[in-house]
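Visitor: There's a structure below that I have some questions on.
There are 2 protein chains.
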Amino acid sequence: MKLALKKVDIVEVGPRDGFQNIKKFIPTEVKLQIIEGLIAAGIKKMEITSFVNPKAIAQMADASDITEAILASKYRNFQPIALVPNFVGAKKAYQLGIKEVTYVISISEAHNQANIRRTHEQSFAELKQIQDEFPGLTIRVDAATAFGCPFAGEVSDELILQYLDTVADLGVKEVILCDTIGVANPEQVARIARMVQERYRGIAFGLHLHDTRGLGLANTLAGLQAGMTTIEVAVGGLGGCPFAPGASGNTATEDLLNMLHGMKIETGIDMDKYMQVVELVKQHIQPILSSHMATICKPE
Amino acid sequence: MKLALKKVDIVEVGPRDGFQNIKKFIPTEVKLQIIEGLIAAGIKKMEITSFVNPKAIAQMADASDITEAILASKYRNFQPIALVPNFVGAKKAYQLGIKEVTYVISISEAHNQANIRRTHEQSFAELKQIQDEFPGLTIRVDAATAFGCPFAGEVSDELILQYLDTVADLGVKEVILCDTIGVANPEQVARIARMVQERYRGIAFGLHLHDTRGLGLANTLAGLQAGMTTIEVAVGGLGGCPFAPGASGNTATEDLLNMLHGMKIETGIDMDKYMQVVELVKQHIQPILSSHMATICKPE
Numbered sequence: 279m280k281l282a283l284k285k286v287d288i289v290e291v292g293p294r295d296g297f298q299n300i301k302k303f304i305p306t307e308v309k310l311q312i313i314e315g316l317i318a319a320g321i322k323k324m325e326i327t328s329f330v331n332p333k334a335i336a337q338m339a340d341a342s343d344i345t346e347a348i349l350a351s352k353y354r355n356f357q358p359i360a361l362v363p364n365f366v367g368a369k370k371a372y373q374l375g376i377k378e379v380t381y382v383i384s385i386s387e388a389h390n391q392a393n394i395r396r397t398h399e400q401s402f403a404e405l406k407q408i409q410d411e412f413p414g415l416t417i418r419v420d421a422a423t424a425f426g427c428p429f430a431g432e433v434s435d436e437l438i439l440q441y442l443d444t445v446a447d448l449g450v451k452e453v454i455l456c457d458t459i460g461v462a463n464p465e466q467v468a469r470i471a472r473m474v475q476e477r478y479r480g481i482a483f484g485l486h487l488h489d490t491r492g493l494g495l496a497n498t499l500a501g502l503q504a505g506m507t508t509i510e511v512a513v514g515g516l517g518g519c520p521f522a523p524g525a526s527g528n529t530a531t532e533d534l535l536n537m538l539h540g541m542k543i544e545t546g547i548d549m550d551k552y553m554q555v556v557e558l559v560k561q562h563i564q565p566i567l568s569s570h571m572a573t574i575c576k577p578e
Numbered sequence: 279m280k281l282a283l284k285k286v287d288i289v290e291v292g293p294r295d296g297f298q299n300i301k302k303f304i305p306t307e308v309k310l311q312i313i314e315g316l317i318a319a320g321i322k323k324m325e326i327t328s329f330v331n332p333k334a335i336a337q338m339a340d341a342s343d344i345t346e347a348i349l350a351s352k353y354r355n356f357q358p359i360a361l362v363p364n365f366v367g368a369k370k371a372y373q374l375g376i377k378e379v380t381y382v383i384s385i386s387e388a389h390n391q392a393n394i395r396r397t398h399e400q401s402f403a404e405l406k407q408i409q410d411e412f413p414g415l416t417i418r419v420d421a422a423t424a425f426g427c428p429f430a431g432e433v434s435d436e437l438i439l440q441y442l443d444t445v446a447d448l449g450v451k452e453v454i455l456c457d458t459i460g461v462a463n464p465e466q467v468a469r470i471a472r473m474v475q476e477r478y479r480g481i482a483f484g485l486h487l488h489d490t491r492g493l494g495l496a497n498t499l500a501g502l503q504a505g506m507t508t509i510e511v512a513v514g515g516l517g518g519c520p521f522a523p524g525a526s527g528n529t530a531t532e533d534l535l536n537m538l539h540g541m542k543i544e545t546g547i548d549m550d551k552y553m554q555v556v557e558l559v560k561q562h563i564q565p566i567l568s569s570h571m572a573t574i575c576k577p578e
């Protein structure tokens with residue numbers, strides 16, 4: 279079980295995937311305080327916001343303000359990422375000076391329709407348009423429903439490969455396989471991780487594994503064993519379904535940090551400083567988090 | 279990551295480790311309804327109660343009633359186990375007809391003193407006395423604090439081996455390595471699992487991994503990869519610290535079942551029937567459980 283890898287690249291998605299699932303508007307200054315705290319703790323890559331239509335997700339209405347404030351700080355060794363669901367979002371992000379965006383296309387077309395209201399063909403065409411219009415913009419693709427779909431059920435290997443063939447043809451260099459509804463199991467994660475890494479040598483793959491069924495860390499472990507080293511996680515385990523205690527959406531960054539640091543794997547993140555941000559989240563956003571490290575019992 | 283094993287032996291400890299951590303007395307008939315439901319779902323081995331001094335743990339005051347009722351049902355293919363902290367408890371269990379007991383000795387002597395109020399020497403002497411007085415009684419040993427101690431901190435390999443040498447000399451055939459405070463990490467579990475299995479060929483080892491830091495399933499996965507096939511878990515994730523949502527004590531049996539069945543590993547347990555028992559636990563004992571499967575969000 280000894281892992282060959284010595285370092286994991288953590289991508290923080292709390293301020294995007296976490297915040298967007300919270301109904302009550304979080305003041306922009308609180309969001310910024312948290313984002314800045316995460317950077318201070320050592321986060322090197324973070325989805326700081328989403329350029330989505332505010333009518334769809336009101337929480338993200340301050341995407342431009344957040345982006346401007348973070349870019350103005352000119353952090354070194356920190357790469358802000360914005361999620362963009364479409365061309366309009368990509369344009370806004372690009373014009374503000376964002377250098378890297380996450381573009382979402384579900385592997386299951388049924389989910390893509392529900393989430394983005396586009397067919398695969400439309401989504402890929404729009405991706406091409408973004409590439410053509412905004413040269414120099416790094417586009418990573420979130421491959422949602424890679425391990426199962428709430429509408430279509432199982433996602434076949436054929437469907438995954440067909441999807442990735444198209445992504446590869448478009449010259450995309452980074453793809454994140456997302457377990458959008460937390461249905462993956464460790465064997466499946468390891469198998470698919472191996473399959474795609476062997477077939478697409480030009481693509482760097484990462485994992486975004488929801489913890490809905492408590493498998494976030496076990497699935498991450500399986501992914502690490504299969505050679506994946508980029509993992510997306512959210513502060514406090516925010517995201518997904520915040521109203522069911524214990525049944526979180528995202529795997530909590532601090533739970534992953536605790537596992538990795540215990541295994542002597544480097545993350546470049548300071549656990550104490552990170553936990554200070556978790557406290558901020560508890561104070562300002564959600565007092566009860568699904569994160570284990572946030573709600574840990576003191577040993578008797 | 280493909281696991282060699284095809285079958286995992288699940289030992290249910292909810293009615294002992296789970297119930298004993300609940301302050302309010304659970305009526306005996308509710309306990310029995312749950313235990314019977316667990317057996318009906320396919321549980322083959324279960325700690326049904328603990329013969330501990332009721333002054334120490336009032337919840338276990340009905341240990342004799344529970345034992346008599348379960349033994350009277352003469353289940354086939356089901357092995358009831360009682361936890362016994364000392365000779366007096368073992369005697370009671372034996373006299374009622376119990377054939378298998380779990381005897382607890384912490385690897386950390388500081389924890390053994392706090393938990394059982396005995397030195398190692400006293401605990402091992404009492405184990406010998408139980409073996410001598412109750413021939414035919416199968417004694418499995420719970421090696422508490424195998425991965426860390428709340429008082430002594432790290433538990434060294436030397437201490438583990440010294441402890442197991444004594445246990446092996448006493449002829450014990452089954453030892454459960456317990457992560458009593460949930461501090462283990464997957465690499466540690468795999469390493470120690472391999473070490474003890476190689477050294478003590480005559481002992482069957484199992485794992486009891488608390489989920490305090492969210493590592494229950496990841497640590498279990500590491501243990502399975504290292505060849506461990508006996509896993510102790512608790513219905514609903516009961517146990518440990520039920521008052522901090524998300525920060526459970528035990529790994530939830532249903533969360534483990536979901537992982538194993540997803541990986542096509544047999545458990546002999548019917549998930550639907552098992553979840554009916556989880557509902558009973560929610561109704562009669564604790565409405566909010568740390569188990570993920572018990573509190574799962576419906577996919578959107």
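Chains A and B supply the protein sequences, listed in that same order. Quick note: the first sequence, position 252, residue 530 per our numbering, numbers continuous. Quick note: the second sequence, position 242, residue 520 per our numbering, numbers continuous. Glycine included, every Cβ here is placed at the ideal spot set by N, Cα and C. Quantities reported herein were computed from a predicted structural model and do not represent experimental measurements.
Kindly list the residues whose CB is nearer than 7 Å to the CB of residue 524 of chain B, restricted to its own chain and excluding five residues on each side of it in sequence; keep chain order.
Guide: Low per-residue confidence applies at residue 524 of chain B: pLDDT is 46, beneath 50, and the placement is therefore not dependable enough to give any value.
Visitor: Using a Cβ-Cβ cut-off of 6 Å (strictly less than) and excluding sequence neighbours within five positions of residue 329 of chain B, which residues of its own chain qualify?
Guide: 341, 360, 362, 367, 370, 371
Visitor: Only counting the same chain, and skipping five residues up and downstream in sequence, which positions put a Cβ closer than 7 Å to that of residue 522 of chain A?
Guide: Unreliable placement is indicated for residue 522 of chain A, whose pLDDT of 48 sits below 50; no coordinate value is reported for it.
Visitor: Select from A/413, A/560, A/495 the residue whose C-alpha is nearest the C-alpha of residue 467 of chain A.
Guide: Looking at A/413, A/560, A/495, the one whose alpha-carbon comes closest to that of residue 467 of chain A is A/495.
Visitor: Would you call the segment 554-566 of chain A and the segment 287-304 of chain B touching, i.e. three or more CB-CB distances under 8 Å?
Guide: The segment 554-566 of chain A makes no contact with the segment 287-304 of chain B: fewer than 3 CB pairs, one atom from each, lie closer than 8 Å.
Visitor: If the criterion is Cβ atoms closer than 8 Å, does the pair residue 511 of chain A and residue 490 of chain A meet it?
Guide: no
Visitor: Below 7 Å on C-beta distance, what does residue 533 of chain B contact in chain A?
Guide: 491, 492
Visitor: Please report the distance separating the alpha-carbon of residue 527 of chain A from that of residue 301 of chain A.
Guide: Whole-angstrom Cα-Cα distance: 15 Å.
Visitor: Does the beta carbon of residue 464 of chain A come closer than 8 Å to any beta carbon on chain B?
Guide: yes
Visitor: What residue does the alpha helix (DSSP H) around residue 354 of chain A start on, and which one ends it?
Guide: First-last for residue 354 of chain A: undefined, no H or E at that position.
Visitor: In three-state DSSP terms, what is residue 473 of chain A?
Guide: helix
Visitor: Run through the DSSP bridge pairs and tell me what residue 510 of chain A is partnered with.
Guide: A/289, A/486
Visitor: How about residue 485 of chain B: is its C-beta nearer than 8 Å to some C-beta of chain A?
Guide: It does not; no Cβ of chain A falls within 8 Å.
Visitor: Quick check on this structure: which residue in B/408, B/354, B/389, B/498 has the alpha carbon closest to the alpha carbon of residue 380 of chain B?
Guide: B/408
Visitor: Does the beta carbon of residue 437 of chain B come closer than 8 Å to any beta carbon on chain A?
Guide: no
Visitor: Are the Cβ atoms of residue 385 of chain B and residue 437 of chain B separated by less than 8 Å?
Guide: yes
Visitor: Measuring only between beta-carbons, confirm whether residue 430 of chain B sits less than 8 Å from chain A.
Guide: no
Visitor: Closer than 7 Å by beta-carbon distance: list the chain B residues that pair up with residue 546 of chain A, in chain order.
Guide: Chain B residues near residue 546 of chain A: none, gap ~18 Å exceeds 7 Å.
Visitor: Rounding to the nearest angstrom, what Cα-Cα distance links residue 326 of chain B and residue 376 of chain B in this structure?
Guide: 11 Å
Visitor: Going by DSSP in three states, residue 454 of chain A sits in which element: helix, strand or coil?
Guide: strand
Visitor: The beta strand (DSSP E) with residue 417 of chain A in it runs from where to where?
Guide: 416-422
Visitor: What separation, rounded to the nearest whole angstrom, lies between the Cα atoms of residue 533 of chain A and residue 555 of chain B?
Guide: 29 Å
Visitor: Short of 7 Å in beta carbon distance, which residues of its chain neighbour residue 311 of chain B, apart from the five on each side in sequence? Order them along the chain.
Guide: Short of 7 Å from the beta carbon of residue 311 of chain B, and not among the five residues preceding or following it, lie these beta carbons of its own chain, in chain order: 558.
Visitor: Under a three-way DSSP split, which group does residue 384 of chain B fall into?
Guide: strand
Visitor: For residue 323 of chain B, which option in B/435, B/488, B/446, B/418 has the closest C-alpha, if you only look at C-alpha atoms?
Guide: B/418
Visitor: List the DSSP bridge partners of residue 528 of chain A.
Guide: A/488
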